[in-house]
Each structure stands twice: as structure tokens, then as C-alpha cells.
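So the sequence shown is numbered by full-length UniProt numbering: it starts at 1 and just counts up by one. Report on the structure given below.
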Amino acid sequence: MFEQLLPSDYQLVFRHLPDIQLVTNTLISLAPLYTYGTACLSIHRKRSLTGFSLDICATMLMALVLRILYYFIAPYEPSLLRQSLVMVFIQCVLLKVSLNYRHASYDPQLLEETPGLALKLAGVPKVLASLFQYTDPEFYRRVAESVVQYLCICFAHAVCFFDVHYRRPLLFWQWAEHAHYWRFLQYFTLVFSVLTLVLRNSESFASVIGILGLFIEALLPLPQILMLQRLRTVENFKSILLVSWLGGDCMKLSYLFFGTDNVSVIFIVAGLFQMSLDLVILGQFVYFYRLDLANKAAAGLPMYDLAPSSSQHTG
Numbered sequence: 001m002f003e004q005l006l007p008s009d010y011q012l013v014f015r016h017l018p019d020i021q022l023v024t025n026t027l028i029s030l031a032p033l034y035t036y037g038t039a040c041l042s043i044h045r046k047r048s049l050t051g052f053s054l055d056i057c058a059t060m061l062m063a064l065v066l067r068i069l070y071y072f073i074a075p076y077e078p079s080l081l082r083q084s085l086v087m088v089f090i091q092c093v094l095l096k097v098s099l100n101y102r103h104a105s106y107d108p109q110l111l112e113e114t115p116g117l118a119l120k121l122a123g124v125p126k127v128l129a130s131l132f133q134y135t136d137p138e139f140y141r142r143v144a145e146s147v148v149q150y151l152c153i154c155f156a157h158a159v160c161f162f163d164v165h166y167r168r169p170l171l172f173w174q175w176a177e178h179a180h181y182w183r184f185l186q187y188f189t190l191v192f193s194v195l196t197l198v199l200r201n202s203e204s205f206a207s208v209i210g211i212l213g214l215f216i217e218a219l220l221p222l223p224q225i226l227m228l229q230r231l232r233t234v235e236n237f238k239s240i241l242l243v244s245w246l247g248g249d250c251m252k253l254s255y256l257f258f259g260t261d262n263v264s265v266i267f268i269v270a271g272l273f274q275m276s277l278d279l280v281i282l283g284q285f286v287y288f289y290r291l292d293l294a295n296k297a298a299a300g301l302p303m304y305d306l307a308p309s310s311s312q313h314t315g
């Protein structure tokens with residue numbers, strides 16, 4: 001289309017230029033090799049996993065398996081499928097490198113027990129109906145406050161599952177043995193592959209696997225948010241990961257809004273939710289980066305003699 005706008009003398013040269021769409025699709029497909037490859041090199045160079053959440057590999061690999069299987073039910077852009085396959089490869093490499101350089105003394109049994117939910121819920125003040133009339137607005141206000149407190153406590157308890165500081169049920173993704181991680185991924189892939197083969201003609205199953213994949217992927221930033229909040233530093237965090245996440249959010253939302261028709265609201269909500277979490281990480285990165293600079297500047301200040309001035313003028 002564009003070559004018709006050029007003079008005839010230049011059209012032959014234009015035909016020998018690489019196809020822009022092909023180049024773009026290739027860059028999209030190979031982009032994960034750079035973004036997550038740099039994370040692999042950084043962990044290998046420092047021989048430390050500090051600052052990187054191992055849960056990122058779990059979230060990405062589960063979401064990618066579901067995304068690839070979804071292609072066989074409802075085909076989407078082939079370049080996105082190629083990107084998913086490349087991403088599976090680099091995530092497996094990242095998982096292998098991360099496990100190799102995890103601290104040698106790591107023991108999941110030493111992790112803190114998750115705070116009891118029942119004990120927290122018991123601390124919410126009870127509203128006794130006998131003290132109020134059902135027509136009294138104060139009764140409904142206190143009931144609403146109690147419901148909000150219950151919901152906040154349940155939400156905070158659910159978030160603890162993504163905090164590596166606490167011990168999870170069955171030590172999920174906190175195992176000491178490396179083989180457990182690969183075995184889980186094999187079982188996860190096998191189960192959903194069989195379900196996809198059996199239910200590939202079911203629209204309901206297609207919706208379930210698509211929504212589940214997006215929901216898992218939307219939770220990707222949450223473990224990293226909790227880890228950065230505990231470390232209160234971004235010294236070992238790769239900024240290229242944050243850039244790739246935000247870029248992926250923009251591409252995903254652009255595709256949902258402009259690249260396809262009849263998209264479910266759930267897909268849009270999941271995309272917006274993930275982008276909001278990535279923006280939280282962006283805010284953390286800016287804040288803790290400045291804090292790191294301030295700490296380094298304070299550590300480099302010379303120590304001055306703080307003796308009273310009167311002692312300096314004696315005699």
C-alpha cells in the first residue's frame with residue numbers, strides 16, 4: 001500500500017525492504033528472550049535470588065500453558081502463540097537458574113505460619129440486634145461496618161498466600177526439592193491438555209480456560225509487590241522486567257479494545273487489574289529507588305567531630 005505512494009524509481013527498492021509486519025511480529029515473539037534473559041544473567045552473575053520472586057515463574061508458566069491450550073480451542077494471532085512458546089522456554093530457564101542460586105540453607109519449614117483467619121474474624125465487634133430497633137439506621141450502619149471489616153480481613157488473609165514470608169498449604173511453590181517444581185508443571189500441563197482434548201468443542205470450557213489463564217496472569221505482580229515492600233529496596237530488581245510488564249499490559253488492553261470483537265468484560269477487568277498492580281510496582285520502584293540513593297548518599301557522608309564548641313576554645 002505504501003509503495004504506491006512512492007515514485008516508480010523507488011518502488012523496486014521498497015520491495016526489497018523487510019516486511020514491517022513480519023519484523024514487528026518477530027520482535028514481539030523474541031522480546032521475552034531479552035527481558036527475562038537479562039534477569040537470568042543478573043541472577044547468574046550475582047549468584048543470588050535476592051530481589052526476585054520465584055512466584056513469577058509459577059504464575060507465568062501456568063498462565064502460558066492455559067494460553068497455548070486456548071489457541072487450539074479458539075485460535076488467535078499466531079505471533080502471540082509463538083511468543084507464548086518462547087516465553088515458556090525462557091521461563092523454564094529462569095526457574096532453573098533461580099532454583100540453582102536459591103540460598104543453600106533454604107528450609108520451607110522455617111517459614112512463618114500464616115496468621116489464623118478464625119482468630120482475626122473473632123476480633124471483629126459483634127452487632128447485637130437486641131440492642132437496636134430494626135428501623136434504627138445505626139443498626140444498619142454498624143452491620144455494614146462489620147461486613148466491611150470481615151471482607152478486609154478475608155482479603156488480607158488471601159493476600160498472605162502470595163507472600164513468600166508465610167508458609168503455604170502443602171508448601172506450594174516453596175518446596176525444598178527442585179524436582180517438585182518440575183513435577184507440578186508436568187501434572188498441570190497434562191491435566192489441562194487432557195481436558196482440552198476432551199472438551200475442545202465446548203464453548204463453556206473455552207471461556208473457563210481463557211478466564212482462568214487471564215486471572216492467573218493478572219496476579220503476576222502481586223508476589224513481587226509484597227517482596228519489594230518487605231525488602232524496601234530495588235537494588236536487585238531488574239527494571240527491564242517492569243518495562244516489559246507495562247508494555248505487555250498496553251499491548252493486551254489495545255488488543256482487547258481494538259483488536260477483537262465481542263470481548264468479555266471479564267477479560268478487560270483482568271487486564272486493567274494487572275496493569276493497576278504493575279503501576280503499584282512502578283510507584284514502589286520510584287520510591288525505593290530514591291530511598292536507595294538517599295541511603296547511599298548518607299553512607300558516603302564524612303563523619304564530623306561533634307564536640308561542643310566550648311571545648312574547642314579552651315585555654
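Just so you know, even glycine gets a beta-carbon here, dropped at the ideal spot from N, CA and C. Bear in mind that the values here come from a model prediction, so they are computed numbers and not experimental data.
Inter-residue distance for L256 and Y76 is about 12 Å (C-alpha atoms, whole angstroms). Ranked by Cα distance from F184, the first of L195, L197 and L170 is L170. A Cβ-Cβ contact shorter than 8 Å links L49 with R102. Counting of Cβ neighbours within 10 angstroms places K296 among the exposed residues, the total staying below 16. Contact between T189 and F72 fails: their C-beta atoms lie close to 13 Å from each other, not under 8 Å. At the C-beta level, D292 and E235 come within 8 Å of one another. No Cβ-Cβ contact shorter than 8 Å links V280 with I240.
Exclusion of the five residues before and after L64 leaves S84, M87 and V88 as the residues of its chain whose Cβ lies within less than 6 Å of its Cβ.
Just measuring C-alpha positions, the residue of L212, D163, L151 and L80 sitting nearest A118 is L151. Out of L111, F52 and K252, the CA that lies nearest to the CA of A176 is found in L111. Judged by DSSP secondary structure, W245 falls within the alpha helix (DSSP H) whose first and last residues are S239 to S254. When DSSP states are grouped into helix, strand and coil, Y34 belongs to the helix group.
The C-alpha of Y181 is placed about 10 Å away from the C-alpha of L99. In this structure, the beta-carbon distance from C160 to P115 falls below 8 Å.
Taking the CA atoms as reference points, F192 sits about 21 Å from A270.
For Y166, the three-state secondary structure derived from DSSP is strand.
Runs of the beta strand (DSSP E) lying entirely within the region 43-118 and spanning at least 3 residues: none are present. Considering only K46, L220 and V198, the residue with the shortest C-alpha distance to S276 is L220.
In this structure, the alpha-carbon of G213 lies about 28 Å from that of L41.
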